[in-house]
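Student:
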Amino acid sequence: MVASSNTQAQADVTPVLDYDAIIIGAGMSGMYQLYRLRALGLRVLVLEAGTGVGGTWYWNRYPGARFDSESYSYAFSFSKALLDEWDWGEHFSGQPETLRYLNHVADKFDLRKDMQFRSRVASAYFQEASRSWDITLEDGRHYTSRLMITAVGPLSAPTMPNIPGVDSFKGESCHTARWPHEPVSFEGKRVAVIGTGATGVQTIQEVAKTAKSLTVFQRTPNWCAPLLNSKISKEEMEQLRAGYPAMFQRCLETYSCFLHTPDTRGTFEVTPEERTAFWEKLYASPGFGIWLGNFKDILTDRAANAELSAFVANKIRQRVKNQAVAEKLIPRNHGFGTRRVPMETKYYEVYNQDNVQLVDISETPIERITETGIKTSTAAFDFDMIIYATGFDAITGSFDRIDIRGTNGQKLKDRWKFGPETYLGVMVDGFPNMMMVIGPHMALGNIPRSIEHNVDWVTDLVRYLRDHNITRVEATAGEVQTWTDHVKSLGEGLLLNEVNSWMTGVNTNVEGKQVRIVNRYSGSAPDYRAKCDAVAASQYKDMALA
Ligand code: N01
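Throughout the sequence shown, residue numbering follows our numbering, covering 60 to 605 in sequence.
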């Protein structure tokens, strides 16, 4: 690391390293982390598997992919010049616009000159003698760096379904997170979609517009709510821009950094009529309000949650003409909002179209993928295209896919076998000089807001290390235990943590991930930031610095 010390200790640990910091991933986290570390004068390299910047927005090019948080609250806030010059076209921007935005950010700050694309990291081994990381790519290229900062994203390790025969299908097929860069036409095609999470819902409503036939294979229905997207006029954009300081301030104050914040009332503190009127208003309002701006107890009180679920179930019954289909679309095994709510645009109406069929595979399971299509327990379907919207090995999955070894050759994957253990979601004992941006146990919420805080905190730590000629930083085992216990205790009483989903670390397609764990920080973002800020103010006294 660039430092001024000439002490003996320093000399021993100052071999010729390729970099001061290597960042893995060129998504929003990696882009901003590069920008900040470069400003410290460090030699930094970003290694990125793809051919361009954007992370989630680079990979997820599937039809209909878009923000379901307000575009302007989901962008970078660190540069006033950037805020001044970028106009959003829609309240909930589509993937092409978001990727254009991120490319614009990369151009503006000349980020690509310190990025290396087509560079998928295979392994990273900590070297105690040199206090550095040896990082090797899948193609064998190799680099050394004092620090390794993972910016690998919580939803970036896609998983194919563990259904026999996936490789045997002779038609077109694709996972949504590996969508081709070329346009894909559905016209005249018989298309299947497997999966009805947030991705499946966005895909289905788009494919249904042009496919000759669309067959949706649903294992578990999700509670979806209207997105109500709209265009942003020039005048409106100017008003939004004028309101940026207040809006970002609000994001700093709300529980999960979203514009929405829970109502201060409990569900049963108002009359049934007031309740219904409030829910009608939320259902008719754009974005996550119905999930995050609802009564304060809908995600903790079973009775409150059941009332709200009944309200939304009736909406589904009103929107879907065939009542047998409507009943299949209503979740039975979890309440509204206890899984991530997919935001939709006429999703339920899709099932009123003649070209769309719903197959409930909880009743008639898929037995195998065949050369020509999909065979369930009761029928065989022929398709031209199968789309896998089957989700991700979330949060720890992208770490598991890299062979990360800390002191004494300890593997991170083994260390996290029964769930992640971290300090502030940023560090792990036994893995010195490794920092995680948006790692496990982090306050996710409105992710770009969390990214900016997380990166700023890591940058302050790195500056401290540099200024004090410290070449080795590690979380202590005691602090990791304390933070991990704290994160687990915050999850108690949340209905969300009683349901299988990526949010509780369950993925039926990944061996060893069938048991629920606590992988996310579910306290308030202001509390999280206060804790991190206190650690920095203490000059990292609870960390092992050498
Ligand atoms: O993934 P998911 P996703 N056989 O895990 C089914 C974010 N996101 O990509 O529920 C049959 O939610 C699985 O069924 P089940 C957002 O945070 C953001 O949709 O496990 N089916 C489920 O229906 C979101 O929550 C935006 O029974 C199988 C689906 O596949 C997160 O990404 C947009 C199966 C997977 O759903 C993940 O969403 C989109 C099998 N073997 C996504 N395996 C934004 O707007 C899996 N399934 C920002």
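Just so it is clear, CB atoms sit at the ideal spot from N, CA and C, and this is done for glycine as well. Since this is a predicted model, take the numbers as computed values, not measurements.
In angstroms, rounded to a whole number, what distance separates the CA positions of serine 457 and glycine 212?
Tutor: Counting only the Cα atoms, glycine 212 lies some 7 Å from serine 457.
Student: Quick check: what's the CA-CA separation for arginine 474 versus lysine 380?
Tutor: 51 Å
Student: Locate the alpha helix (DSSP H) running through tryptophan 350, then write down its first and last residues.
Tutor: 348-351
Student: Do alanine 448 and the ligand N01 come close, with the Cβ less than 8 Å from some heavy atom?
Tutor: Yes, the Cβ of alanine 448 comes within 8 Å of a heavy atom of the ligand N01.
Student: For tryptophan 145 and tyrosine 160, what's the separation of their Cα atoms in angstroms?
Tutor: 8 Å
Student: Along the beta strand (DSSP E) that carries glutamate 328, what are the first and last residues, could you check?
Tutor: Note, glutamate 328: premise wrong, no beta strand (DSSP E); not H, not E.
Student: Quick check on the burial criterion: 16 or more other C-beta atoms within 10 angstroms. Buried or exposed for threonine 335?
Tutor: exposed
Student: Could I get the ranges of all uninterrupted beta strand (DSSP E) runs contained in the segment 159-238, with 3 residues as the minimum, in chain order?
Tutor: 180-186, 191-196, 201-209 and 231-234
Student: Give the range of the beta strand (DSSP E) segment to which serine 626 is assigned.
Tutor: Lying before the first or after the last residue shown, residue 626 is absent from the chain, which here runs from 60 to 605.
Student: Mapping DSSP to helix, strand and coil, what is leucine 76?
Tutor: coil
Student: Quick one: what's got a C-beta closer than 6 Å to asparagine 119's C-beta in the same chain, skipping five residues either side?
Tutor: Ala236
Student: Starting from the C-beta of glutamine 67, find all residues in its chain whose C-beta is less than 6 Å away, skip the five residues before and the five after it, and write them out in chain order.
Tutor: With a pLDDT of only 43 at glutamine 67, under the threshold of 50, the placement of this residue in the model should not be trusted, and no figure is reported.
Student: Looking at the structure shown, is threonine 115 part of a helix, part of a strand, or coil, going by DSSP?
Tutor: helix
Student: Please say whether glycine 259 and proline 401 have beta carbons closer to each other than 9 Å?
Tutor: yes
Student: According to the neighbour-count rule (16 or more other Cβ atoms, all chains shown, within 10 Å of its Cβ), is serine 581 buried or exposed?
Tutor: buried
Student: Please state the DSSP three-state secondary structure of alanine 251.
Tutor: strand
Student: Quick one: using the 10 Å Cβ neighbour count with 16 as the cut-off for buried, is serine 292 buried or exposed?
Tutor: Looking at its Cβ environment, which holds fewer than 16 other Cβ atoms inside 10 Å, serine 292 is exposed.
Student: Suppose the cutoff is 6 Å on Cβ atoms and the five residues either side in sequence are ignored; what does the same chain contact list for methionine 495 look like?
Tutor: Thr209 and Val485
Student: Let's test the definition: count the other Cβ atoms within 10 Å of the Cβ of glutamine 154 and tell me whether it reaches 16, buried, or not, exposed.
Tutor: buried
Student: Provide the residue span of the beta strand (DSSP E) that contains lysine 434, from first to last.
Tutor: 432-435
Student: Using a Cβ-Cβ cut-off of 6 Å (strictly less than) and excluding sequence neighbours within five positions of leucine 341, which residues of its own chain qualify?
Tutor: Gly348 and Ile349
Student: Would you say the segment 409-428 touches the segment 307-324, given that touching needs at least three Cβ pairs under 8 Å?
Tutor: no
Student: Can you name the start and end residues of the beta strand (DSSP E) that valine 105 belongs to?
Tutor: Element bounds for valine 105: 103-106.
Student: How many Å lie between serine 289 and glutamine 298 at the Cα?
Tutor: 16 Å
Student: Which first and last residues belong to the alpha helix (DSSP H) in which tyrosine 406 is found?
Tutor: 406-409
Student: Are at least three pairs of beta-carbons, each pair with one atom in the segment 585-595 and one in the segment 234-248, less than 8 Å apart?
Tutor: no
Student: With glutamine 264 as the anchor, note down where its alpha helix (DSSP H) starts and where it stops.
Tutor: 257-266
Student: Kindly indicate the opening and closing residues of the beta strand (DSSP E) around glutamine 416.
Tutor: 415-419
Student: For proline 285, which residues does DSSP report across the bridge?
Tutor: Beta-bridge pairing links proline 285 to Glu403.
Student: Residues in its own chain within less than 6 Å of asparagine 353 by CB, not counting five upstream and five downstream?
Tutor: So the list is empty, once near-sequence residues are dropped.
Student: Indicate the three-state DSSP secondary structure (helix, strand or coil) for alanine 596 in the structure shown.
Tutor: helix
Student: Verify whether the separation of the beta carbon atoms of glycine 346 and leucine 287 is less than 9 Å.
Tutor: yes
Student: I need the DSSP call for leucine 604, collapsed to helix, strand or coil.
Tutor: strand
Student: Does the segment 354-371 come into contact with the segment 310-330, if we say contact requires no fewer than three beta-carbon pairs (one atom in each stretch) closer than 8 Å?
Tutor: yes
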